[in-house]
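These protein sequence lines map, in sequence, to chains A and B.
Per my numbering, the first sequence starts with residue 294, numbered consecutively.
Per my numbering, the second sequence starts with residue 294, numbered consecutively.
What follows is a single structure, written as structure tokens, with notes after it.
Protein chains: 2
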Amino acid sequence: MKAILIRDGKLVWEDAPIPELRDGEVLVKVRATAINRADLSQRSGRYPPPPGASEILGLECSGVIEKVGPGVSNRQVGQEVCALLAGGGYAEYAAVPAGHTLPPPAGMDLETAAGVVEVFATAWLNLRLEGELKDGERVLVHAGASGVGTACIQLCKAWGNPIFVTVGDQAKREYCEQLGASASANRHDPWDEAVRGWGGADVILDPVGGSYLEMNVNLLKPRGRLVNIGLMGGAQGTLPMGVMMVKRLCLRGSVLRSRSIEEKNQIIAGLQREVWPLLESGQIKPIIDKVFAIQDAEQAHELVGSNNTIGKVLLRV
Amino acid sequence: MKAILIRDGKLVWEDAPIPELRDGEVLVKVRATAINRADLSQRSGRYPPPPGASEILGLECSGVIEKVGPGVSNRQVGQEVCALLAGGGYAEYAAVPAGHTLPPPAGMDLETAAGVVEVFATAWLNLRLEGELKDGERVLVHAGASGVGTACIQLCKAWGNPIFVTVGDQAKREYCEQLGASASANRHDPWDEAVRGWGGADVILDPVGGSYLEMNVNLLKPRGRLVNIGLMGGAQGTLPMGVMMVKRLCLRGSVLRSRSIEEKNQIIAGLQREVWPLLESGQIKPIIDKVFAIQDAEQAHELVGSNNTIGKVLLRV
Chain A
294 MKAILIRDGK LVWEDAPIPE LRDGEVLVKV RATAINRADL SQRSGRYPPP PGASEILGLE
354 CSGVIEKVGP GVSNRQVGQE VCALLAGGGY AEYAAVPAGH TLPPPAGMDL ETAAGVVEVF
414 ATAWLNLRLE GELKDGERVL VHAGASGVGT ACIQLCKAWG NPIFVTVGDQ AKREYCEQLG
474 ASASANRHDP WDEAVRGWGG ADVILDPVGG SYLEMNVNLL KPRGRLVNIG LMGGAQGTLP
534 MGVMMVKRLC LRGSVLRSRS IEEKNQIIAG LQREVWPLLE SGQIKPIIDK VFAIQDAEQA
594 HELVGSNNTI GKVLLRV
Chain B
294 MKAILIRDGK LVWEDAPIPE LRDGEVLVKV RATAINRADL SQRSGRYPPP PGASEILGLE
354 CSGVIEKVGP GVSNRQVGQE VCALLAGGGY AEYAAVPAGH TLPPPAGMDL ETAAGVVEVF
414 ATAWLNLRLE GELKDGERVL VHAGASGVGT ACIQLCKAWG NPIFVTVGDQ AKREYCEQLG
474 ASASANRHDP WDEAVRGWGG ADVILDPVGG SYLEMNVNLL KPRGRLVNIG LMGGAQGTLP
534 MGVMMVKRLC LRGSVLRSRS IEEKNQIIAG LQREVWPLLE SGQIKPIIDK VFAIQDAEQA
594 HELVGSNNTI GKVLLRV
């Protein structure tokens with residue numbers, strides 16, 4: 294098969310072996326994959342794949358099941374699926390545990406479905422399970438115009454949770470508010486004052502890390518939860534522990550990729566149960582910024598790296 | 294009544310009004326109270342009482358119910374109890390919600406019972422509820438020879454959880470290991486290396502805060518929990534967020550005093566359900582360092598401040 298490999302730091306479409314199926318896995322003939330920020334980190338050497346995962350980039354895909362491995366009973370050859378991958382999506386074929394695949398939401402085309410799983414799994418997992426978001430609680434999400442950010446906005450709107458987002462420019466503010474954000478701020482302005490004026494947050498979903506830690510902690514309401522899912526602003530932060538103690542806060546680090554197969558089975562099942570109906574009713578939708586041919590992965594990465602996107606960038610195979 | 298008041302920075306035994314009973318409260322004629330480190334902080338102005346609480350020091354007591362307020366059905370005049378207080382223990386009489394009192398464990402004298410509630414409630418709450426300690430998980434507790442520390446050692450031994458403690462000198466190490474600690478280190482030595490050699494911890498109970506934060510986080514096993522209950526080592530710390538994310542750690546700040554009446558009711562009920570039977574069977578015991586007459590509260594505070602105690606210091610009324 295062909296796959297995107299990294300040669301002298303560049304993304305090139307070259308020959309690679311078709312992945313072997315392990316027990317419980319299916320082989321997906323990839324229709325499309327999507328770019329995640331983690332791909333950029335992996336490419337630069339800062340985010341190695343977990344043990345046993347493909348060395349090829351790509352944390353999600355859509356496609357058609359080409360082959361079914363031993364022990365798989367709930368998926369058939371020829372079935373259309375979208376899938377959460379531990380790696381290997383930038384390729385013609387990807388192997389994945391059957392429990393990490395779902396039929397695309399009814400009414401959604403297969404290509405678009407490539408951009409659904411990772412962002413909605415991340416948003417749902419970290420708001421609901423890690424953040425323990427309850428009815429009526431207030432949410433703050435940084436990088437609101439990102440794939441995960443736009444998923445959070447839509448989920449919070451559907452659930453009735455007020456959500457404040459920070460973004461990088463005015464156009465993104467307008468986009469996010471139109472999508473359902475209750476309020477927003479430009480991260481180049483004093484966004485923490487804006488969040489304080491808005492009333493603070495019970496749950497913060499944060500891909501920034503170090504540079505935002507102190508402000509995030511100060512903006513949490515009593516018994517609030519900060520879920521950290523990225524380090525775009527540095528891997529070290531100053532933690533005001535007195536504030537954490539008096540307000541009885543909870544801080545969590547969360548990653549999706551390195552979780553066990555069983556944990557991911559449960560996340561995908563939760564996604565089907567709680568998010569798929571919202572996608573099928575049209576209450577929420579995947580936000581796709583642009584689709585590239587996979588041979589143009591290099592340009593697609595540049596676009597994502599520029600921070601000038603809203604929602605997902607897909608690669609069509 | 295008489296109570297300990299703060300006059301020109303000194304603790305003096307003077308006249309004070311008997312507290313009024315609110316709905317659901319009982320009035321306890323105090324037999325003994327106990328010193329908590331929080332009392333020293335409150336005295337120095339760094340830990341003001343929560344709204345509605347007595348201005349008098351003292352977070353626990355034992356005694357006899359003198360009077361029962363409106364709406365109390367499960368406590369009677371003349372009954373012996375020990376109690377978790379939001380304040381007011383350093384006095385002849387203390388008012389407390391009935392749900393925050395318990396009969397002393399069978400076989401325990403009333404004076405000793407004054408030193409049981411706060412430490413075992415803190416240990417049980419923060420290991421079990423906040424730390425979500427599970428069977429077989431490994432525990433690290435700092436200040437292992439303190440009241441809370443000795444309670445943790447005994448609870449972990451009874452539950453079968455390996456526990457490592459840090460303490461301030463060799464005599465305390467020996468005491469703690471005899472009491473049931475699996476291993477220990479002197480905090481003036483490189484204790485973090487010792488904990489790492491021991492195998493790390495799933496749950497850390499930490500009264501130190503800032504200066505230990507980075508080491509604590511590095512010593513947690515994947516999905517470990519750090520519960521911070523004090524700031525003896527500073528209110529700010531450096532948080533290695535990459536470590537927190539990759540290991541999917543959970544950090545919590547926890548206080549007991551400012552919790553709602555209902556939350557404390559549940560903690561006291563848990564204590565009676567899970568800890569009282571261990572005290573009554575003799576599997577665990579309160580550790581009392583010394584008992585002073587309450588008129589000598591000043592010397593008692595000096596002793597606690599010296600860090601030369603093991604377990605609790607009581608004040609007899």
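Built from N, CA and C at the ideal position, the CB exists for glycine as well.
Keep in mind that this is a model prediction, so the values were computed, not measured.
Note the first and the last residue of the continuous alpha helix (DSSP H) segment covering residue i.
i	result
B:Q559	I554 to G563
A:P570	W569 to E573
A:D332	R330 to R336
A:V510	L506 to L512
According to DSSP, residue i sits in a beta bridge with which residue or residues?
i	result
B:T394	B:A376
B:L532	A:G530
A:K322	A:V357 and A:Y386
A:R545	A:V520 and B:C543
B:I299	B:L304
A:A327	A:L607
B:K583	B:V606
Hey, is residue i's beta-carbon within less than 8 Å of any beta-carbon in chain C?
i	result
A:M508	Protein chains in the displayed structure are A and B, and chain C is not among them.
Let me confirm a value: residue i is counted as buried when at least 16 other C-beta atoms fall within 10 Å, else exposed. Which label applies?
i	result
B:S553	exposed
B:S477	buried
A:G380	buried
A:G345	exposed
B:Q335	buried
A:K303	exposed
A:S337	exposed
B:G442	buried
A:H435	buried
B:K465	buried
B:H481	exposed
B:Q369	exposed
A:A474	buried
A:D499	buried
A:G530	buried
A:D495	buried
Taking only the alpha-carbon atoms, compute the straight-line gap between residue i and residue j and give it to the nearest angstrom.
i	j	result
A:L320	B:V539	28 Å
B:V410	B:D582	16 Å
B:V520	A:P363	44 Å
A:N367	A:I297	30 Å
B:N479	A:C354	53 Å
B:Q372	B:V357	6 Å
B:K263	B:Y386	Any question about residue 263 of chain B goes unanswered here, given that chain B covers just 294 to 610.
B:G563	B:G527	31 Å
B:N600	B:G382	22 Å
A:D301	A:K557	33 Å
B:I577	B:L549	22 Å
B:A590	B:H393	24 Å
A:L572	A:C449	14 Å
A:P455	A:G493	11 Å
B:A384	B:W491	45 Å
B:N419	B:S547	7 Å
A:A444	A:T405	14 Å
A:G575	A:L395	18 Å
A:Q588	A:A376	21 Å
B:A414	A:Q565	41 Å
B:V458	B:A487	10 Å
B:C469	B:S551	30 Å
B:E555	A:D332	48 Å
B:Y340	B:V389	20 Å
B:G503	B:N509	10 Å
A:W417	A:L513	20 Å
B:L628	B:C543	Absent from the structure is residue 628 of chain B, since the part of chain B shown begins at 294 and ends at 610.
B:R397	B:L403	The sequence shown places Pro at residue 397 of chain B, not Arg. Straight-line Cα distance between these residues: approximately 7 Å.
A:M401	A:G408	11 Å
Beta carbon of residue i: closer than 7 Å to some heavy atom of the ligand GDP?
i	result
A:I603	Although the ligand GDP was asked about, the structure shown includes no ligands whatsoever.
For the beta strand (DSSP E) that residue i lies in, which residues bound it at each end?
i	result
A:L596	It is not in any beta strand (DSSP E) - A:L596 instead sits in the alpha helix (DSSP H) that spans A590 to G598.
Review point. Which runs of the alpha helix (DSSP H) fall wholly inside the stretch 411–499 of chain A and span at least 4 residues, in chain order?
Key: 440–452, 463–472 and 484–491
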